[in-house]
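Residue numbering for the sequence shown follows the UniProt record's numbering, beginning at 1 and increasing consecutively. Ideal Cβ positions, reconstructed from N, Cα and C, are used throughout, including at glycine. Encoded as structure tokens, the structure appears first; notes follow it.
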Amino acid sequence: MEFLRHLLLFLHFVGLASLLGGLLVQMKGPERRILPAILHGALTQLVTGILLVGVIQGGLGEHVNNPKIGVKLVVVLVITVLAWVNRKKPTIAAGLFFGLTALTLLNVAVAVFWR
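The following block contains the structure:
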């Protein structure tokens, strides 16, 4: 079960790298859009995050900070829905782009600093 936890955590980080990398690579470009890396990263984060909570709480019997997990879940759901809805648009508004970036960084901050 511990191996599964580490594998899911690794994939969760890969999802973060894909999501944040997809956003940052477009930071200076004149046109911004939802790259496949952004949507796939968000979906990977969502699925692996849910599975991680299940493995940690159910399989390993460890305590999970439910309010923290709830906040992270809501944030990644918003990111995923926004990416999904706007995935086929040739460009997205700067406000949406920077909002997605801010939400992604917020999720990282919650993961790191909320104890």
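Runs of the alpha helix (DSSP H) lying entirely within the stretch 35-64 and spanning at least 4 residues, in chain order: 36-54. Short of 8 Å from the beta carbon of S18, and not among the five residues preceding or following it, lie these beta carbons of its own chain, in chain order: A37, I38, H40, G41, T44. Straight through space, the alpha carbons of A83 and V110 are spaced by roughly 21 Å.
Per DSSP, reduced to three states, the secondary structure at G95 is helical. Around the beta-carbon of R115, fewer than 16 other beta-carbon atoms lie within 10 Å, marking it exposed. Excluding five sequence positions before and after L35, the CB atoms of its chain that fall closer than 8 Å to its own CB belong to G22, V25, Q26, given in chain order.
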